[in-house]
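**Student:**
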Amino acid sequence: MHAEHNEVDQMIASLEDSKKQAEEELHETEVYRKEAEKKLHKELQRQILEWNEQKDKLLEEAEKKSGRKKIEQASKEAEDIIQELRSIKNEHRSFKEHELIDARKRLEEAVPEFDRKKKPEPVKKKQQDS
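The sequence shown begins at 161 in the working numbering and counts up by one.
#1: Taking the C-alpha atoms as reference points, what is the distance between residue 250 and residue 243?
#2: If you run the structure through DSSP and keep just helix, strand and coil, what is residue 187?
#3: Does residue 222 pass the burial test, meaning 16 or more other C-beta atoms within 10 Å, or should it be called exposed?
#4: Alpha carbon to alpha carbon, how far is residue 247 from residue 220?
#5: Going straight from the alpha carbon of residue 226 to that of residue 257, what length do you get?
#6: Measuring only the C-alpha atoms, how far is residue 210 from residue 239?
#7: Run the CB neighbour count on residue 182, radius 10 Å, all protein chains shown included, and call it buried at 16 or more, exposed below.
#8: State the DSSP-derived secondary structure class of residue 217, mapped to helix, strand or coil.
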């Protein structure tokens, strides 16, 4: 009976060792999982930041391109109006008031939108001490 009791004690000790080893492996696996999550989170944040920077850059380029097109269109319209006024001048015709008003209106409309929104502020005269 002593031998059987000894064998049971060895089995219990072996099971306890196996349990302890499994718990250590579980802890080690948990540490690796947490490290992997941190690395993945950090990489994801980096990619999100990079994506946002790229998006902002592309939007800025698109806005610049759009602005250049508006400026080119406004310049062409202004040139057309100037050419029309020169034509009237070269024909020795007198300018009629409505032609000048129409030309001024067309020039104002030719200004790109982003410039029209910014109305010039009136210049304030500095008061001098007397």
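Using N, Cα and C, we set each Cβ at its ideal position, and we do this for glycine too. Predicted model only: the values in this text are computed from it and were never measured.
**Tutor:** This is what the structure holds:
#1: Residue numbering aside, residue 250 sits at position 90 when the sequence shown is read from its first letter. Residue numbering aside, residue 243 sits at position 83 when the sequence shown is read from its first letter. So the alpha carbons of these two residues sit roughly 10 Å apart.
#2: As a working mapping, residue 187 is identified with position 27 in the sequence shown. It is helical.
#3: Sequence index remark: in the sequence shown, residue 222 carries index 62 (1-based). Classification of residue 222: exposed, given that the 10 Å Cβ count is below 16.
#4: Locating residue 247 in the sequence shown gives position 87, counting from the first residue. Locating residue 220 in the sequence shown gives position 60, counting from the first residue. Spanning the two alpha carbons is a distance of roughly 40 Å.
#5: For the purposes of this step, residue 226 is identified with residue 66 of the sequence shown, where counting begins at 1. For the purposes of this step, residue 257 is identified with residue 97 of the sequence shown, where counting begins at 1. If I take the Cα positions, the gap works out to 35 Å.
#6: In the sequence shown, the residue the question calls residue 210 occupies position 50. In the sequence shown, the residue the question calls residue 239 occupies position 79. Distance between the alpha carbons of residue 210 and residue 239 is about 43 Å.
#7: For the purposes of this step, residue 182 is taken as residue 22 along the sequence shown, with counting starting at 1. Looking at its Cβ environment, which holds fewer than 16 other Cβ atoms inside 10 Å, residue 182 is exposed.
#8: Within the sequence shown, numbered from 1, the residue matching residue 217 stands at position 57. Here residue 217 sits in helix by DSSP.
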